[in-house]
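In my numbering, the protein residues as written are 305 to 768.
Ideal Cβ positions, reconstructed from N, Cα and C, are used throughout, including at glycine.
Just so it is clear, the structure is predicted and the values come from calculations on it, not from any experiment.
Given below as structure tokens:
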């Protein structure tokens, strides 16, 4: 349809949508737990975890599974699943390296081992969900990668078995934009991320973890025999600390140039009718991702809504995090227009929810890890949007590091190395804007310009 018609259709589809994450818009959301009480500050805790997203929740569960008698406390600044954990698309991927291309480029000699670790990690996530009866809609149907521009087809390796040409891919899911595709069945699941987080919190508590919500930590100070954490409700003292704050301002100064927050935008439609699902042929519930730098991810929810997100990755000057950044009309209108172009069969379907979340991005596209202060403080951050699955791996890495254990995880170069930091402002903002413009140009032309080639040589990156 003409551009003006597409824009009008997109605007009509967005009318009436609420600015609220679909996953959190449910009466089943647990009531918040009480904050930390100053009356509890009379003893040193064994392990204190700062942050109640996936990284912190997995650290709590894994710490008790490894050492049931250990005293573990988790401090969440707001509510469980309030931020990135409850705002993502619900893709739980095996990849620890933000995809094969990034992993092979950075750690070619150990990529196969990292891939095996990632698949094992996903298997163990699935086993935990089944063992504890976590009702989060876990569905390991896999992911369909699609090319929507001619120059993207080569990246799907048409000469390798399993490639789907335009006709074949449209028999999996029918979009007139698809020129080729490839399905990977074993290394990706979809789920309800908020329900997974709530389930992990329940499991952690059943194992003896104390969880305090609405307890932000403002400072971390090392003493001779413990670490003290200053909260708005009093001091918390710990033998060891896990920092799982991810996109929020790092409590360790050494990390403050290592990540930047970028905002990702998501839409969810009203539930499709059986006839509408049949019209697009989306019957096996595979998740979908297209092949651009500015890529879309989309999937069916258990009640047959289409969740459609990605494309824009918006950085605000000064590493700004602000609730005002979440309602960006331009990004939502762009997504709605792209949805109409992807599935013209669904014209007239309306969006009920729109939302955004901030992603902790680092220059190597995937999480990095460390331990400091004489093995008293460990951290994992920089997941760059693939944290639903990799967060469990990150939790195990931190626990390995705190214990001083040499494991297959900690011996890997991926874990031992740190990414280059982003520059301070205004260079960070200038560089990110130039990179975003260059990535958009590559999507349009298929050609990587001098700026992107320079970043490749430096090992720097910025991804949507």
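Leaving aside the five residues before and after residue i along the sequence, list all residues of the same chain whose C-beta is less than 6 Å from its C-beta, in chain order.
i           : result
residue 646 : 479, 481
residue 319 : none
residue 654 : 317, 574
residue 489 : 446
residue 782 : Lying before the first or after the last residue shown, residue 782 is absent from the chain, which here runs from 305 to 768.
residue 673 : 684, 701, 719
residue 384 : 356, 501, 505
residue 397 : 492, 690, 693
Please list the terminal residues of the continuous alpha helix (DSSP H) segment that includes residue i.
i           : result
residue 696 : 691 to 707
residue 474 : 470 to 476
residue 554 : Run containing residue 554: none; DSSP gives neither H nor E here.
residue 734 : 731 to 749
residue 580 : 578 to 584
residue 423 : 415 to 436
residue 714 : 712 to 715
Provide the residue span of the beta strand (DSSP E) that contains residue i, from first to last.
i           : result
residue 657 : 655 to 665
residue 529 : Premise fails: residue 529 is in no beta strand (DSSP E) and is neither H nor E.
residue 516 : 514 to 516
residue 407 : Element bounds for residue 407: not the beta strand (DSSP E) but the alpha helix (DSSP H), 404 to 410.
residue 675 : 672 to 676
residue 726 : Here residue 726 belongs to no beta strand (DSSP E), and DSSP marks it neither H nor E.
residue 594 : 591 to 594
Does the beta-carbon of residue i have 16 or more other beta-carbons within 10 angstroms, so that it is buried, or is it exposed?
i           : result
residue 713 : buried
residue 580 : buried
residue 562 : buried
residue 517 : buried
residue 368 : buried
residue 659 : buried
residue 464 : exposed
residue 737 : exposed
residue 512 : exposed
residue 373 : exposed
Which whole-angstrom value is the C-beta distance of residue i and residue j, which I expect to be below 8 Å?
i           : j           : result
residue 699 : residue 362 : 4 Å
residue 656 : residue 572 : 6 Å
residue 664 : residue 617 : With a Cβ gap of about 12 Å, residue 664 and residue 617 do not count as contacting.
Can you list, in chain order, the residues of its chain whose CB lies under 8 Å from that of residue i, leaving out five sequence neighbours each side?
i           : result
residue 366 : 696, 699, 700, 703
residue 585 : 474, 475, 476, 477, 478
residue 414 : 716, 717, 718
residue 589 : 443, 445, 494, 603, 604
I want to see whether chain C comes within less than 8 Å of residue i, judged by CB atoms only; does it?
i           : result
residue 637 : Checking the listed chains, one finds no chain C in this structure; it contains a single protein chain.
Spatial neighbours of residue i within its chain, please: C-beta separation below 7 Å, excluding the five flanking residues on both sides.
i           : result
residue 467 : 460, 461, 484, 486
residue 458 : none
residue 520 : 381, 535, 536
residue 406 : 669, 670
**Q.** Every unbroken beta strand (DSSP E) inside the region 483 to 510 [3 residues or more]
**A.** 484 to 488, 492 to 494
Q: Could you pull out every unbroken alpha helix (DSSP H) segment of at least 4 residues lying fully inside the region 307 to 378, listed in chain order?
A: 307 to 318, 358 to 370
Q: Go through the region 599 to 651 residue by residue and report every complete run of the alpha helix (DSSP H) that reaches 4 residues or more, in order.
A: 633 to 646
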